[in-house]
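Chain order of the listed sequences is Y and A. No gaps in the numbering here: position 69 of the first sequence is 69 in this note's numbering, and each next residue is one more. No gaps in the numbering here: position 38 of the second sequence is 38 in this note's numbering, and each next residue is one more. No residue lacks a Cβ here, since even glycine has one placed at the ideal position from N, Cα and C. Down below is the structure, laid out as structure tokens.
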Amino acid sequence: EVQLLESGGGLVQPGGSLRLSCAASGFTFGDFAMNWVRQAPGKGLEWVSTISGSGVSSSTADSVKGRFTISTDNSKNTLFLQMNSLRVEDTAVYYCAKADLFNWGAFHYWGQGTLVSVSS
Amino acid sequence: DIQMTQSPSALSASVGDRVTITCRASERISTWLAWYQQKPGKAPKLLIYKASNLDTGVPSRFSGSGSGTEFTLTISSLQPDDFASYYCQQYNTQRSSFGQGTKLEIK
Numbered sequence: 001e002v003q004l005l006e007s008g009g010g011l012v013q014p015g016g017s018l019r020l021s022c023a024a025s026g027f028t029f030g031d032f033a034m035n036w037v038r039q040a041p042g043k044g045l046e047w048v049s050t051i052s053g054s055g056v057s058s059s060t061a062d063s064v065k066g067r068f069t070i071s072t073d074n075s076k077n078t079l080f081l082q083m084n085s086l087r088v089e090d091t092a093v094y095y096c097a098k099a100d101l102f103n104w105g106a107f108h109y110w111g112q113g114t115l116v117s118v119s120s
Numbered sequence: 001d002i003q004m005t006q007s008p009s010a011l012s013a014s015v016g017d018r019v020t021i022t023c024r025a026s027e028r029i030s031t032w033l034a035w036y037q038q039k040p041g042k043a044p045k046l047l048i049y050k051a052s053n054l055d056t057g058v059p060s061r062f063s064g065s066g067s068g069t070e071f072t073l074t075i076s077s078l079q080p081d082d083f084a085s086y087y088c089q090q091y092n093t094q095r096s097s098f099g100q101g102t103k104l105e106i107k
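Below, the structure written as structure tokens:
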């Protein structure tokens with residue numbers, strides 16, 4: 001059974017940093033792309049970032065480019081999102097999701113989400 | 001970046017109704033299109049991938065069609081469990097994007 005468990009969310013001041021983690025199990029982690037998607041309170045889904053199964057290629061939304069970095073530790077089956085220079089508008093539930101292909105794909109499995117609140 | 005436009009943004013319908021949600025891409029994406037269902041406080045759930053492929057366990061009353069820039073999600077006979085929000089997503093490249101969502105409410 002595929003399981004994705006996010007952690008690392010919390011309350012942070014504007015300009016601060018957080019590192020989200022997503023622990024994966026139930027599949028061969030390095031065979032599939034992984035993703036971060038966020039949802040601001042009462043809003044729709046926003047794609048944030050994708051990394052290939054090998055970790056060699058990645059893409060990041062323009063809204064967070066230069067501030068957020070996606071990475072993986074395939075030895076620990078874990079996906080990360082390093083978030084720097086956080087802004088109030090980054091407040092959202094952050095979901096990790098497993099794609100159905102190696103480089104990118106549909107998001108077949110999702111974690112339960114972790115809440116990031118950016119406020120002074 | 002590819003923009004996804006969903007319509008309608010909200011829809012009221014009754015149990016047993018047939019409903020259709022439309023998604024338009026700003027450029028051609030072949031059939032690299034997925035549909036998700038989301039209920040309040042829950043993570044999204046994949047319904048359809050590659051425009052028309054039903055994910056495992058998804059009821060057959062859900063169907064998807066389209067290619068290029070125009071796509072539809074159809075629910076043939078609404079059930080009480082179907083009242084939720086629905087999102088389309090393009091994954092033509094690694095730079096994905098979602099539609100703004102359709103909230104399906106009970107009439």
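Within the DSSP secondary-structure output, threonine 78 of chain Y pairs in a beta bridge with Y:Ala23 and Y:Asp73. Under the Cβ distance rule, tyrosine 94 of chain Y does not count among the residues neighbouring chain A, no pair being separated by less than 7 Å.
Put simply, the backbone Cα of arginine 18 of chain A is about 46 Å away from that of asparagine 84 of chain Y. Residue state for glycine 66 of chain A is assigned as strand, using DSSP reduced to three classes. Scanning the segment 8-88 of chain A from its first residue to its last, no whole alpha helix (DSSP H) run of 4-plus residues comes out.
Residues Arg38, Gln39, Ala40 and Val116 of the same chain have their beta carbon placed closer than 7 Å to that of alanine 92 of chain Y, with the five preceding and five following residues left out of the count. Within chain Y, Gly44 and Leu45 have C-beta atoms less than 8 Å from the C-beta of glycine 101 of chain A, given in sequence order.
Take serine 17 of chain Y, set aside five residues on each side of it, and the residues of its chain with a beta-carbon closer than 8 Å to its own are Gln82, Met83, Asn84, Ser85 and Leu86, in chain order. DSSP, read as helix, strand or coil, puts glutamate 1 of chain Y in coil. Counting only the Cα atoms, asparagine 103 of chain Y lies some 6 Å from glycine 53 of chain Y.
Runs of the alpha helix (DSSP H) lying entirely within the segment 76-120 of chain Y and spanning at least 4 residues: none are present. Rounded to whole angstroms, serine 97 of chain A and serine 57 of chain Y show a C-alpha spacing of 18 Å. For phenylalanine 32 of chain Y, the three-state secondary structure derived from DSSP is coil. At least one CB atom of chain A sits nearer than 7 Å to the CB of serine 59 of chain Y. Interface criterion met: the Cβ of alanine 106 of chain Y is under 7 Å from a Cβ in chain A. The C-alpha of alanine 34 of chain A is placed about 19 Å away from the C-alpha of valine 2 of chain Y. Counting C-beta pairs with one atom in each stretch, the segment 28-36 of chain Y and the segment 67-83 of chain Y have three or more that are closer than 8 Å, which means they touch. In the structure shown, threonine 93 of chain A adopts coil according to DSSP, grouped into three states.
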